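**Q** Dropping a structure here in structure tokens format, bear with me for questions.
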Amino acid sequence: MTSTDTRDVIRVGSRKSELALVQTKYVIDCLKNYHPKKEFEIVTMNTKGDKILNISLPKIGEKSLFTEELELALEHGKVDFVVHSLKDLPTTLPGGMALGAILKREDPRDAVVMSKKNEGKTLATLEKGSVIGTSSLRRSAQLARNMPHLKVENIRGNLNTRLKKLDDENGPFAAIILAAAGLKRLGWEKRISQILEPEEALYAIGQGALGIECRETDWQILTLLEPLCDLQTTLRCVCERSFLKTLGGGCSAPVAVSTTLDGKELSVTGAVWSLDGKTIIMETLNSKLYIPDDDDNEPPEKCPYLEPRLYCSVSPGKVSGMSCSYAEKLGKDIAQKLIDKNAVEIMTQARKEILNGK
Ligand code: DPM
359 MTSTDTRDVI RVGSRKSELA LVQTKYVIDC LKNYHPKKEF EIVTMNTKGD KILNISLPKI
419 GEKSLFTEEL ELALEHGKVD FVVHSLKDLP TTLPGGMALG AILKREDPRD AVVMSKKNEG
479 KTLATLEKGS VIGTSSLRRS AQLARNMPHL KVENIRGNLN TRLKKLDDEN GPFAAIILAA
539 AGLKRLGWEK RISQILEPEE ALYAIGQGAL GIECRETDWQ ILTLLEPLCD LQTTLRCVCE
599 RSFLKTLGGG CSAPVAVSTT LDGKELSVTG AVWSLDGKTI IMETLNSKLY IPDDDDNEPP
659 EKCPYLEPRL YCSVSPGKVS GMSCSYAEKL GKDIAQKLID KNAVEIMTQA RKEILNGK
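Counted from 1, the sequence shown has number 543 at position 185 by my numbering; the numbering is strictly sequential.
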């Protein structure tokens with residue numbers, strides 16, 4: 359019996375979007391395997407990001423656009439945890455909040471969904487001037503650089519809305535780019551025409567991973583969540599988040615990564631682009647992590663009354679804090695390599711251009 363048994367019903371906050379609900383239910387199902395007697399109740403909420411649909415995301419420029427209402431509910435004890443796509447969370451959470459667990463990553467890569475008319479083609483073989491829909495600066499900068507024969511236009515709305523716009527024969531889009539993970543989770547995997555390898559398109563920080571946000575000192579919930587924590591994903595995402603945090607970027611400039619963890623060898627490639635994709639700064643670094651061999655088996659040393667150390671707001675859970683510090687350091691180092699090559703100036707310029715309506 360764990361201390362979690364004192365709370366009968368666990369309240370779980372979620373956005374109302376289909377993806378958010380699928381993800382929330384998935385996490386609850388996983389938790390029920392470990393805590394069969396617990397009851398979970400989903401509390402749904404609309405966020406500002408769900409309501410403002412006519413302005414492009416980078417222009418709104420707010421970090422907690424999709425999370426603010428949910429975090430308030432957490433703070434006020436109306437919900438006990440919230441499931442997020444990790445890539446939608448800022449690298450520093452509001453005071454008192456932590457990522458209690460990062461789950462095993464789905465495919466982190468971007469995927470191309472072709473309109474019916476263009477099925478069978480790839481980005482490279484699409485006709486010159488074909489229009490690709492995305493509202494991600496990261497995707498549009500990489501497209502502009504790697505696929506100069508294509509045009510990019512803004513597209514917003516949830517996945518179903520976007521697929522409908524794509525399939526509209528009178529619509530402008532030849533293809534759209536989305537995270538493979540979201541498409542898979544919503545059962546649209548069959549619409550994936552092409553997966554973009556990291557050499558063709560680096561992904562967003564934390565893409566494909568789910569993060570569970572809770573109150574930093576809610577030991578009952580932290581203990582409840584611990585079995586869901588994935589060692590590899592946690593270390594990779596701490597590194598990715600530390601990279602973005604050191605650069606000082608949110609979704610307000612084109613920034614992307616790719617990481618691998620092979621045994622104890624963590625490797626990260628990080629890049630920033632100008633909005634038009636013409637300038638790029640990209641670097642790769644590796645580091646040997648310290649991972650105690652019995653990391654998975656050993657019960658974590660835990661003294662609930664000591665303040666835990668967080669790594670880019672990630673609570674290490676059953677991952678050793680020591681290995682998280684190594685991952686965090688690698689993220690800082692790769693960011694510093696980019697900063698030494700003028701990354702901050704490029705990002706500042708990108709932000710200026712966005713505000714000026716480019
Ligand atoms: C963030 C971005 C996008 C989402 C920016 C980026 C994509 C916006 C767009 C930070 N959040 O990736 O450069 O393409 O218009 C989002 C998706 C998922 C989580 C959808 C997607 C699902 C995948 C996951 C929106 N957030 O990227 O296709 O769990 O990682």
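Each residue gets a CB set at the ideal place from its N, CA and C atoms; glycine is no exception.
In this text the structure is predicted, and so the values were computed from the model without any measurement.
Residue range of the alpha helix (DSSP H) that Glu-703 falls in?
**A** 701-713
**Q** Shortest alpha-carbon distance to Leu-602 belongs to which of Cys-587, Asn-504, Leu-379, Ala-629?
**A** Ala-629
**Q** By DSSP, does Pro-657 sit in helix, in strand, or in coil?
**A** Any reading at Pro-657 is ruled out, since the residue's pLDDT is 43, under 50, leaving its predicted position unreliable.
**Q** Is any heavy atom of the ligand FMN found at a distance shorter than 7 Å from the C-beta of Val-677?
**A** Annotation note on the ligand FMN: not contained in the displayed structure, which lists the ligand DPM as its ligands.
**Q** At a cut of 8 Å, does the segment 480-494 reach the segment 630-647 through at least three beta carbon pairs?
**A** The segment 480-494 vs the segment 630-647: no contact.
**Q** Can we count Gly-569 as close to the ligand DPM, meaning its CB is less than 7 Å from some heavy atom?
**A** no
**Q** Identify the continuous beta strand (DSSP E) that holds Glu-433 and give its terminal residues.
**A** Taken as a continuous stretch (DSSP letters only), Glu-433 belongs to no beta strand (DSSP E), being part of the alpha helix (DSSP H) at 426-433.
**Q** Using three-state DSSP, classify Cys-595 as helix, strand or coil.
**A** When secondary structure is reduced to three states using DSSP, Cys-595 falls in the helix class.
**Q** Among Lys-523, Thr-450, Ala-538, which has the Cα closest to the Cα of Phe-531?
**A** Lys-523
**Q** Excluding sequence positions up to five away, which residues of its chain have a Cβ less than 6 Å from the Cβ of Ile-570?
**A** Phe-439, Val-441, Gly-458, Ala-459, Leu-583
**Q** What's the C-alpha gap between Cys-388 and Leu-586?
**A** As the crow flies, the alpha-carbon of Cys-388 is around 7 Å from that of Leu-586.
**Q** For Thr-617, tell me which candidate among Cys-572, Leu-541, Arg-463 has the shortest Cα-Cα distance.
**A** Arg-463
**Q** Between Ala-559 and the ligand DPM, is the CB less than 7 Å from at least one heavy atom?
**A** no
**Q** At a cut-off of 7 Å, would you count Gln-565 as near the ligand DPM, judging by its Cβ distance to the nearest heavy atom?
**A** Yes, Cβ of Gln-565 sits closer than 7 Å to a heavy atom of the ligand DPM.
**Q** Closest by CA to Leu-377, which one among Gly-515, Thr-642, Ile-697?
**A** Gly-515
**Q** Under 7 Å: does the beta carbon of Asp-408 sit that close to some heavy atom of the ligand DPM?
**A** no
**Q** Reducing DSSP to helix, strand and coil, say where Ile-490 ends up.
**A** strand
**Q** How close, in whole Å, do the beta carbons of Lys-445 and Gly-564 come, if the pair is a contact with beta carbons under 8 Å?
**A** Contact flag correct, Cβ pair sits at about 4 Å.
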